[in-house]
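Throughout the sequence shown, residue numbering follows my numbering, covering 159 to 740 in sequence.
The structure under discussion appears below in the form of C-alpha cells.
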Amino acid sequence: MTILKKLLIPVLLVCCAFHVVPTVAMAANEGQIKASIDRGVAFLRAQFKGAPDEHKGLIGLTLMKAGQPHDAPEIKEAIRLAREKCKDGQYRAEREHFYEAGVDATLLADSGEECKAELQAIANFIISNQNPNGGWNYPGQGESVAAGDTSTMQYCCLALWAADRTGVEIDPQVWVKAIQWHAAYQGADGGFSYRPGTTQGDVNGVATLNMTVNSIGSIHICMLHLDPTSVPFLERPAPAAAAPNSNEPPKPKGALEVVELQTTPENEPVAIPASAKPTIMKSLGWVASRFRVANESPHNKMYYYYSLERMAALANIKKIGSHDWFNECADYVISRQKQDGSWAESTHVTRTPEIQSCFAVLFLTRSTEKVLKKTAPSYYGNGLLAGGRGLPDDLSSGSFNGRSMEEKKKPPGPLDELLASLANAGEIDVNEVQEQIVEKVQVGDRSELVKQKDLLVKLVKHQDSSVRMMAMWALGRTDDMRLTQHLIEGLDDVDLGVMIEARNALCWLARKPRGFGFAEDPLDALGPNPAPEAKTQAIRDWNKGVVTAWGNWYLENRPYVDRGDQFEAKLRRRLLQIKEEL
Numbered sequence: 159m160t161i162l163k164k165l166l167i168p169v170l171l172v173c174c175a176f177h178v179v180p181t182v183a184m185a186a187n188e189g190q191i192k193a194s195i196d197r198g199v200a201f202l203r204a205q206f207k208g209a210p211d212e213h214k215g216l217i218g219l220t221l222m223k224a225g226q227p228h229d230a231p232e233i234k235e236a237i238r239l240a241r242e243k244c245k246d247g248q249y250r251a252e253r254e255h256f257y258e259a260g261v262d263a264t265l266l267a268d269s270g271e272e273c274k275a276e277l278q279a280i281a282n283f284i285i286s287n288q289n290p291n292g293g294w295n296y297p298g299q300g301e302s303v304a305a306g307d308t309s310t311m312q313y314c315c316l317a318l319w320a321a322d323r324t325g326v327e328i329d330p331q332v333w334v335k336a337i338q339w340h341a342a343y344q345g346a347d348g349g350f351s352y353r354p355g356t357t358q359g360d361v362n363g364v365a366t367l368n369m370t371v372n373s374i375g376s377i378h379i380c381m382l383h384l385d386p387t388s389v390p391f392l393e394r395p396a397p398a399a400a401a402p403n404s405n406e407p408p409k410p411k412g413a414l415e416v417v418e419l420q421t422t423p424e425n426e427p428v429a430i431p432a433s434a435k436p437t438i439m440k441s442l443g444w445v446a447s448r449f450r451v452a453n454e455s456p457h458n459k460m461y462y463y464y465s466l467e468r469m470a471a472l473a474n475i476k477k478i479g480s481h482d483w484f485n486e487c488a489d490y491v492i493s494r495q496k497q498d499g500s501w502a503e504s505t506h507v508t509r510t511p512e513i514q515s516c517f518a519v520l521f522l523t524r525s526t527e528k529v530l531k532k533t534a535p536s537y538y539g540n541g542l543l544a545g546g547r548g549l550p551d552d553l554s555s556g557s558f559n560g561r562s563m564e565e566k567k568k569p570p571g572p573l574d575e576l577l578a579s580l581a582n583a584g585e586i587d588v589n590e591v592q593e594q595i596v597e598k599v600q601v602g603d604r605s606e607l608v609k610q611k612d613l614l615v616k617l618v619k620h621q622d623s624s625v626r627m628m629a630m631w632a633l634g635r636t637d638d639m640r641l642t643q644h645l646i647e648g649l650d651d652v653d654l655g656v657m658i659e660a661r662n663a664l665c666w667l668a669r670k671p672r673g674f675g676f677a678e679d680p681l682d683a684l685g686p687n688p689a690p691e692a693k694t695q696a697i698r699d700w701n702k703g704v705v706t707a708w709g710n711w712y713l714e715n716r717p718y719v720d721r722g723d724q725f726e727a728k729l730r731r732r733l734l735q736i737k738e739e740l
C-alpha cells in the first residue's frame, strides 16, 4: 500500500453524526451479498437484448462492476453503442441526455479500451450545456425552466470525472461553478430538492434523501479535482485557531499553494470555493438527522442506495449516527429482491425493473469504491492518489523488509532530523519515522519540508526501497517543478512500490488526480495468484506507459531554465527507447 493509505489520521466528525475511518468494513454476510449480486446479474443479462438502447449502457456498466468479463457480449455491445453516440467528435444521446452521458462516460473510462476521443466528446457535450449559474438542466431548458436539476448535476459530475480519468482536460472553473451552484441552491435546512425553487419532484419540491446524498457526492467530486488534499476534508484536524462556529472555515491545505516554477494555466491550482465545506457540513447534518434504511419514496427506491454508496465512499463514511449504513442497507436491499433476481421498486413509468436492478447491484458491489480503490483501504487520506503495493499494513512491524523484530531506536522529532535519520535506516524504525514525517507534513508547515529538498534528493538514491518511497512522497509535496526529474527517474526504479509512489507524487505536483488514465497499480487488473511472467509483463507495460506520459508532460511544461539540460537529453533517449520497443 502507499504511504498515506496506511497513515490516515482519524478524527471525530461534526457532532459525531458521521464516523470516518481509514478502513472499510466488510459486509455482514458476504455470501448473501454475492448470491444477490449473482441473481441480479443473471436477470440483467436476460433482459439486455430487449432493453431500450438508452438503458443498455447502464446494464453493461453494472455487469462490468459486478465482475463480468469485459468481453461479455452485453458489455461489448454497451461499449459499441456508447462509441456510436460519439461519431464525428460530437456526443448524441438517445433519450436520457445527461444521465446517459454520465453512464456512457463511466462505462468507456473503466472499460480498459482506448476511448479518450469519445470521452472528450462527452465532456464537450456536458461543459457546453452548463448554465451560467453552474447548474445543469435537461438540454435546451436553461435557467428559465429551473435553476438546475440536482440529479442531473450528479451525472454531469460523474461524466467529467470519468473523462478526467482518461486524461481529458477539464477547465477547473467547471468544478468551481458546480460547487457554487450547490451552495446557492441548498435549502435553508441543509437539504436538496430535485429542482430547487420549483415544486417538481417526488414530494412537490421538498428536500429528499435521494437528492441530498447526490449533492454531497457531487461536491466531493468537484473538490477532488480542484485539490485532492481536500477529500475527505473531514479527516483533517481543524487548525487550533479555527473558531468552532465559523462560517468561513480555513481553506484546505494545498488549495491555494501555487507551484512557483509551473506557469502553464492547466496546472495552476484553483481555490476551492469557501462555501464548499459549510455546504457539505449542513447537508451531512440534514442526512444524519433523517437517515433511514428503508427508502419510503415511491419513486426510484434503489437510486437512493446507489447514491448513498457514492456519497459514503467519497466522504469515507462508515457509520451514520449509530447506523452501519452499508450492512443495514444491504440487508434491506437483499430482502426486496424478487424471485427472478430483479428489483421492482418504482412506480415511475421510466424506472423499469432493469434500471432499479442496476442501481441495487451497483450499491451491493460498492461500485464507487472500486473506482477509488477504497477497499484496500482509502487513498483519500489527505490526497495521496491510489497506488498499490508499497508500505505494509502494520507500519509498526519490525519484520517488514527483512528487518529484525527487535525494538529499534525511537526517531527524533523535528522534520529535518526525521528525514536525516532515514539515512541510517538500519538503526531506527523506518516505519515509525515515515508515520511521523507524514503527520508533520499533513498538519504542519510545508515550508519546513521545502527546506529539506537537498536531503530528499539524496534519499531517492538510498539502498532501502522504503526510504526511497518516503523520499518520492515528500518530493511531490514540495510543489517544486524543478524536482520533477527525480520523480520521473523514480518511475524506472527496481521496486514497484517506489515506482507507484513516484507516479502518485507526480499526480500531486501536476494537480492531475488521475494522472493520464493508467492504472494506479499495474497488478490490480490481474486475477488472483497471477503467474510471475504475467506480473512482470504487466509491470513492464505499465512502466512504459507512465514514463511516456509523464516524460512528455515534463518536456511540455518544464521550467525554461532547465530546458536543454542533461536530464532532458537523458529523458528523450529513454522515450525514444520505449517508442522503439513498442
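All C-beta atoms, glycine included, are put in the ideal place defined by N, C-alpha and C.
query, result
"Nonlocal neighbours in the same chain, by C-beta distance under 8 Å from Ala677, ignoring five residues either side", "Ala683, Trp700"
"Tyr296 beta carbon less than 9 Å from that of Asn310", "In the sequence as displayed, the identity of residue 310 is Thr instead of Asn. Contact flag set, yes."
"Ile646 and Gly709 closer than 9 Å at C-beta", "yes"
"For Leu729 and Lys737, the rounded distance between their alpha carbons", "12 Å"
"4 or more residues per run - each alpha helix (DSSP H) lying fully within the stretch 448 to 494", "459 to 473, 483 to 493"
"At least 3 beta-carbon pairs within less than 8 Å: the stretch 455 to 472 vs the stretch 522 to 531", "yes"
"Lys616: first and last residue of the uninterrupted alpha helix (DSSP H) it sits in", "611 to 617"
"Residue from His340, Trp483, Ile492 with nearest C-alpha to Ala434", "His340"
"For Leu681 and Lys532, the rounded distance between their alpha carbons", "In this predicted model, Lys532 has a pLDDT of only 35, less than 50, meaning its place in the structure is not dependable enough to derive any value."
"Per-residue burial, Asn453 [other beta carbons within 10 Å of its own, 16 or more giving buried]", "buried"
"Alpha-carbon to alpha-carbon, Met628 and Val719", "28 Å"
"Residues of its chain near Asp723, where Cβ-Cβ distance is below 7 Å and the 5 sequence neighbours each way are ignored", "none"
"Pairwise C-alpha distance: Ile284 and Glu327", "13 Å"
"Start-to-end residues for the alpha helix (DSSP H) that takes in Arg203", "188 to 206"
"Where the alpha helix (DSSP H) containing Ile337 begins and where it ends", "330 to 343"
"Cβ shell of Glu276 (< 6 Å), same chain only, five flanking positions each side left out", "Arg241, Cys244, Leu266"
"Coarse secondary structure for Cys273, derived from DSSP in three states", "coil"
"Rounded distance between the beta-carbons of Ala305 and Tyr257, thought under 8 Å", "Not confirmed; about 19 Å, so no contact."
"Helix, strand or coil at Cys244 according to DSSP, with G and I counted as helix", "coil"
"Contact under 9 Å by Cβ, Gln331 with Asn372", "no"
"Contacting residues, own chain, Cβ-Cβ under 8 Å from His481 (five flanking each side not counted)", "Phe449, Val451"
"For Asp637, the three-state DSSP class (helix, strand or coil)", "coil"
"Lys435, DSSP secondary structure in three states", "helix"
"Outcome for Arg238 when other beta-carbon atoms lying within 10 angstroms are tallied against a minimum of 16", "exposed"
"Inter-residue CB distance, Ala488 and Trp501 (contact presumed, cutoff 8 Å)", "Incorrect: roughly 13 Å between the Cβ atoms, too far for contact."
"Where Arg721 falls: helix, strand or coil (DSSP)", "coil"
"Leu367 CB to nearest heavy atom of the ligand MN below 8 Å", "The model depicted lacks the ligand MN and carries no ligand whatsoever."
"Per-residue DSSP class, three states only, for Thr694", "helix"
"CB contact check: Ser455 to chain B, cutoff 9 Å", "Included in the structure is just one protein chain, with no chain B present."
"C-beta contact flag for Thr510 and Ser455 at 9 Å", "no"
"Supposed close pair His644, Val615 - CB separation, criterion 8 Å", "6 Å"
"Contact set for Phe201: own chain, Cβ-Cβ below 7 Å, skip 5 residues either direction", "Asp498, Gly499, Ser500, Ser515"
"Beta-carbon contacts of Asn368 that lie in its chain and below 7 Å, excluding the five residues immediately before and after", "Ser455, Asn458, Tyr461, Tyr462, Ser465"
"Alpha carbon of Ala259 to alpha carbon of His383, nearest angstrom", "19 Å"
"First and last residue of the uninterrupted alpha helix (DSSP H) at Arg661", "654 to 668"
"Beta-carbon gap between Lys274 and Gly325 smaller than 9 Å", "yes"
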